[in-house]
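J.: First to last, the protein sequences are chains E and U.
Final position of the first sequence in the working numbering is 139; the numbers increase by one with none missing.
Final position of the second sequence in the working numbering is 105; the numbers increase by one with none missing.
In this text, a Cβ means the ideal position worked out from N, Cα and C, and glycines have one as well.
Starting off with a structure, shown below.
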Amino acid sequence: KAGVTQTPRYLIKTRGQQVTLSCSPISGHRSVSWYQQTPGQGLQFLFEYFSETQRNKGNFPGRFSGRQFSNSRSEMNVSTLELGDSALYLCASSIGLAGGLNEQFFGPGTRLTVL
Amino acid sequence: AQSVTQLGSHVSVSEGALVLLRCNYSSSVPPYLFWYVQYPNQGLQLLLKYTSAATLVKGINGFEAEFKKSETSFHLTKPSAHMSDAAEYFCAVSSTGANNLFFGTGTRLTVIP
């Protein structure tokens, strides 16, 4: 079974631009969560999508948004990029059923550099 | 509210020595607790998880962790360190049924030959 894939793996943008990152979950997984990893703030939860609906949201500004498609693939978008958005963005997928523990499987991440 | 605290951002051990990485949690509900490992330029890999079935949890690569409610701790141990264990380790907590993990700040493990 293929793991979680993220594209692109590396990205360089300039301040003010916008960026879209993509995540393909493990086949059969319906939940996709996004995390931001920076040296200063560590790993922080951005949001979770389940069946094309945002189910949980972290404490990030509205410049960070996401969506999920009917095939469970997910994209996240960051608009008006700032230098502080430089980070490793990790995607994790799980079965996503409510009421029980859902083990999350992580992708390799997309490293975004904002110049 | 949930949070985890990892004591020691860097830990160095000699090859063959005991590995002990500390994690304390805070949670208003019985938590699910996890340890993940991250190798350079890679995503996170699950080492083990606590789901209230047993307080001593065995994971992959010889790691284990013990859930101690009275101490609100979930420390990770391995009896004998290998060079391949050098990586960054993250403790995380999750509330029941949630898919949002709260991570600690991580501990970078160095193994000295």
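Check Asn33(U) in the structure and name its three-state DSSP category.
T.: Three-state DSSP puts Asn33(U) in coil, outside helix and strand.
J.: Hey, out of Ala73(U), Gln30(U), Phe66(U), whose CA is closest to Pro22(U)'s CA?
T.: Phe66(U)
J.: Taking any Cβ of chain E, which residues in the segment 82 to 101 of chain U have a Cβ under 9 Å from it, in chain order?
T.: Within the segment 82 to 101 of chain U, the qualifying residues are Phe82, Ala84, Ser86, Thr88, Gly89, Ala90, Asn91, Asn92, Leu93, Phe94, Phe95, Gly96, Thr97, Gly98.
J.: In the DSSP assignment, find the beta strand (DSSP E) that holds Lys61(U) and state where it starts and stops.
T.: Note, Lys61(U): premise wrong, no beta strand (DSSP E); not H, not E.
J.: Using only CA atoms, which one of Ser87(U), Val29(U), Asn33(U), Pro105(U) lies nearest to Glu56(U)?
T.: Val29(U)
J.: For the structure I just gave you, are there three or more beta carbon pairs, one from the segment 82 to 93 of chain E and one from the segment 7 to 24 of chain U, closer than 8 Å?
T.: No, the segment 82 to 93 of chain E is not in contact with the segment 7 to 24 of chain U.
J.: If we ignore side chains and look at the alpha-carbon of each, how far apart do Leu93(U) and Gln68(E) end up?
T.: 8 Å
J.: Among Leu48(U), Ser87(U), Phe95(U), Ser19(U), which one has its Cα closest to the Cα of Leu(-1)(U)?
T.: Phe95(U)
J.: Which first and last residues belong to the beta strand (DSSP E) in which Phe82(U) is found?
T.: 79 to 86
J.: Identify which residue in Ser20(U), Pro32(U), Phe59(U) has its Cα closest to the Cα of Ala46(U).
T.: Nearest Cα to Ala46(U) within the set Ser20(U), Pro32(U), Phe59(U): Phe59(U).
J.: Consult DSSP for Ser76(U) and reduce its assignment to one of helix, strand or coil.
T.: helix
J.: Are the CB atoms of Gly35(U) and Gly131(E) nearer to each other than 8 Å?
T.: yes
J.: Which of the residues in the segment 31 to 44 of chain U, read from start to end, lie with their CB under 8 Å from any CB of chain E?
T.: Asn33, Gln34, Gly35, Leu36, Gln37, Leu38, Lys41, Thr43
J.: Rounded to a whole number of angstroms, what is the C-alpha to C-alpha distance between Lys61(U) and Leu38(U)?
T.: 22 Å
J.: According to DSSP, is Leu70(E) helix, strand or coil?
T.: strand
J.: Would Val28(E) and Phe129(E) qualify as a contact pair, given that the criterion is a beta-carbon distance under 8 Å?
T.: yes
J.: Hey, Ala26(E) and Gln60(E): beta-carbon distance below 8 Å or not?
T.: no
J.: In the DSSP assignment, the beta strand (DSSP E) including Ala111(E) goes from what residue to what residue?
T.: 111 to 118
J.: Considering just the uninterrupted stretch of the beta strand (DSSP E) at Gly51(U), what are its terminal residues?
T.: Element bounds for Gly51(U): n/a, residue is neither H nor E.
J.: Can you confirm whether Glu76(E), when its beta carbon is compared against all beta carbons of chain U, has any partner nearer than 8 Å?
T.: no
J.: Could you give the C-beta distance for Val133(E) and Leu105(E), rounded to a whole number, given that I count them as a contact under 8 Å?
T.: First, the residue type needs correcting, since residue 133(E) is Gly and not Val in the sequence shown. Gly133(E) to Leu105(E), Cβ: 17 Å. No contact.
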